[in-house]
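Colleague:
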Amino acid sequence: MERETKHMSLIQHLEEFRRRLIVCLIALLITSALSFLYVEEIRRLLIQPAGTLELIYISPPEALMANIRLAILAGIILAMPVIVYQFLAFVMPALYKNEKRILFPVVFLMLLMFSTGIWFAYRIAFPFAITFFLKFASQDLVPMFTITQYISFVTQFILTFGLVFQLPLLFVVLGMMNIVSAPFLRRNRKYVLLVIAVGSALITPPDVISQMMIGGPLWLLYEIGIILVAIIQIRKRKKQASENP
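Position one of the sequence shown corresponds to residue -11 (the numbering used here), numbered consecutively onward.
(1) Determine the contact status of A113 and F149, defining contact as a CB-CB distance below 8 Å.
(2) Using a Cβ-Cβ cutoff of less than 8 Å, which residues in the same chain neighbour R6 once the five nearest sequence positions on both sides are dropped?
(3) With a threshold of 8 Å between beta-carbons, can Y45 be considered close to chain C, or not?
(4) For F24, which option in I64, I46, G213 and T104 has the closest C-alpha, if you only look at C-alpha atoms?
(5) Mind checking R225: buried by the 16 CB within 10 Å criterion, or exposed?
(6) Just list the residues that DSSP pairs I(-1) with in beta bridges.
(7) With DSSP as the reference, label L83 as helix, strand or coil.
(8) If I'm right that A59 touches S20 with Cβ under 8 Å, what's the distance once you round it to whole angstroms?
(9) Within this structure, are the beta carbons of V217 and S169 separated by less than 8 Å?
(10) Quick check: the Cα distance between F92 and M98, rounded to an integer number of angstroms?
(11) Return the bridge partner residues of F133 from the DSSP annotation.
(12) Count Cβ pairs between the region 156 to 170 and the region 204 to 218 that sit closer than 8 Å; are there 3 or more?
(13) My output table needs one value for S126: the three-state DSSP class, helix, strand or coil.
(14) Okay, do the region 129 to 145 and the region 43 to 50 touch, 3+ Cβ pairs below 8 Å being the bar?
(15) Please report the straight-line C-alpha distance between I220 and R89, rounded to a whole angstrom.
(16) For L33, does the count of other Cβ atoms within 10 angstroms reach 16, so buried, or fall short, so exposed?
(17) Tell me where the alpha helix (DSSP H) around F153 begins and ends.
(18) Please return the same chain residues whose Cβ sits closer than 6 Å to the Cβ of E4, not counting the five positions on each side in sequence.
(19) On the criterion of 16 or more Cβ atoms from any shown chain inside 10 Å, does E(-10) qualify as buried, or is it exposed?
(20) With H, G and I counted as helix, E and B as strand and the rest as coil, what does DSSP make of N55?
(21) Going straight from the alpha carbon of A62 to that of I167, what length do you get?
(22) Which of the three DSSP states, helix, strand or coil, is assigned to S230?
(23) What would DSSP say about S169, mapped onto helix, strand or coil?
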């Protein structure tokens, strides 16, 4: 199957890349500027899971720089549809037809799982985590977080969950490359469950319901990954059997 692409010189490719990069940067600039106008509301959303936590800043420019950083992070999220579209438009001409059919569902699933991970972290996991860390406070040990420290912690925490929720898709890619197999993932299930159980127990109250709220979805993602890899391997075996009767 021939690629549906025009013959372009290296200069033309670089020119197109530069043009699409400029579009992404303009979109990011606009969304970041709009986010800066509402940076206080965005900051309140990030502080909300921590309850009545008060933040401080310890240098004159820290509050301003923290607001700028927060606006840029929000701008990246808002500009993501434009960035994804520009990326797809750049790579599409170089793909085969069957690759194009796969690309859109994969990108959609990646964005969906990433968004689900962020929602799960913000609504469920992070409130448990920040409550756990605040438990170490005492009469002579008062928690005082700077705005920079808190924003760094909450964004890293939430983005980590967004990436963790990509686990099934990662397993699919590794399975297609024959790097992992369903039996391998099943054999190592107990170690993964142990890590999930310990992590859930550390950041949640000492009750089964809270631990299941954190550990359950993570375990489910692992099991979904095993099922998807098994399906891929079955299809591969059927294809090999049909090609080599």
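Glycine included, every Cβ here is placed at the ideal spot set by N, Cα and C.
Modeller: Put simply:
(1) Taking a C-beta distance under 8 Å as the contact criterion, A113 and F149 qualify as a contact pair.
(2) No residues qualify anywhere along the chain.
(3) The chain labelled as chain C is not found in the depicted structure, where only one protein chain is given.
(4) For F24, the nearest C-alpha among the options comes from I64.
(5) By the neighbour-count rule (16 or more Cβ atoms within 10 Å), R225 is not buried but exposed.
(6) In the DSSP assignment, I(-1) forms no beta bridge with any residue.
(7) Coil.
(8) Your pair A59 and S20 checks out as a contact, with CB atoms roughly 5 Å apart and the cut at 8 Å.
(9) Going by C-beta atoms, V217 is nearer than 8 Å to S169.
(10) Going by the C-alpha atoms only, they are around 10 Å apart.
(11) Looking at the DSSP assignment, F133 forms a beta bridge with L43.
(12) Enough Cβ pairs lie closer than 8 Å, so yes.
(13) S126: strand per DSSP, three-state reduction.
(14) Yes, the region 129 to 145 is in contact with the region 43 to 50.
(15) Going from the Cα of I220 to the Cα of R89 covers about 17 Å.
(16) Around the beta carbon of L33, fewer than 16 other beta carbons sit within 10 angstroms, so the residue counts as exposed.
(17) For F153, there is no enclosing alpha helix (DSSP H), as DSSP marks it with neither H nor E.
(18) Correct list: empty, nothing qualifies.
(19) The predicted model places E(-10) with a pLDDT of 44, which falls under 50 and marks its position as unreliable; any figure quoted below should be read in that light. With fewer than 16 other Cβ atoms within 10 Å, it is exposed.
(20) DSSP, read as helix, strand or coil, puts N55 in helix.
(21) Computed Cα separation, rounded: 36 Å.
(22) Note: S230 maps to helix in three-state DSSP.
(23) Correct three-state label for S169: coil.
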